[in-house]
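Residues in the sequence shown are numbered from 1 upward in steps of one, following the UniProt record's numbering. These notes concern the structure reproduced below.
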Amino acid sequence: MILQALSSIHSLSYVHCDIKPRNILAFQSGNRGEEGIRKLKVADFGLAVETWKLIQGSHNKHRGTPRYVPPEVVVDGRVTPAMDIWALGCTVLEMLTREIPWTRLHDVEDVLMEVRNGCRPEFPG
């Protein structure tokens, strides 16, 4: 469901820029006590940007929550739809393992230092 939502967002020429567990909302349809269909929705479009603005060079720097931002965005600000896919991968990994990649990193500068030093995210084993 989330991939479908991202596909729709990207087809409208937007990049969400802040996919993370907190921005994926789960809903259960149906009456109380009944098992209904679960729905997932993407929330918080506060950092979303239209891709044409990215081509003009604006809105490219340090978008998103550092732990969910791909290395290329941290290094040179290249915001593309791939950013949302990376963040969704980190989100799914966190949901499956209950551990966050880049656990010791708290801000963009920490992530930037790790990426420039050739370090990779710590993925749970």
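Each residue gets a CB set at the ideal place from its N, CA and C atoms; glycine is no exception. What you are looking at is a predicted structure, and each value in this text was computed from that prediction instead of being measured.
Counted within 10 angstroms of its Cβ, other Cβ atoms place residue i as buried (16 or more) or exposed
i   : result
D84 : buried
N23 : buried
D76 : exposed
R98 : exposed
R74 : The residue asked about is misnamed: residue 74 is Val in this sequence, not Arg. Its Cβ being crowded by 16 or more others within 10 Å, V74 is buried.
R63 : buried
R38 : exposed
V92 : exposed
C90 : buried
R67 : buried
Three-state secondary structure (DSSP) of residue i
i    : result
A43  : coil
V15  : strand
I100 : coil
V79  : coil
V69  : coil
A5   : helix
A48  : coil
R63  : coil
Contact under 8 Å by Cβ, residue i with residue j
i   : j   : result
T51 : S7  : no
T80 : K20 : no
L3  : A26 : no
V69 : V15 : no
Residue i versus residue j: straight-line alpha-carbon distance, rounded
i    : j    : result
V49  : L88  : 17 Å
E94  : R78  : 24 Å
I100 : F45  : 22 Å
C17  : E109 : 18 Å
A82  : E114 : 20 Å
A42  : H10  : Per the sequence shown, residue 42 should be read as Val rather than Ala. V42 and H10: Cα-Cα distance of roughly 13 Å.
Cβ-heavy atom distance, residue i to the ligand ADP, below 7 Å
i   : result
V74 : No copy of the ligand ADP appears in this structure; indeed no ligand is present at all.
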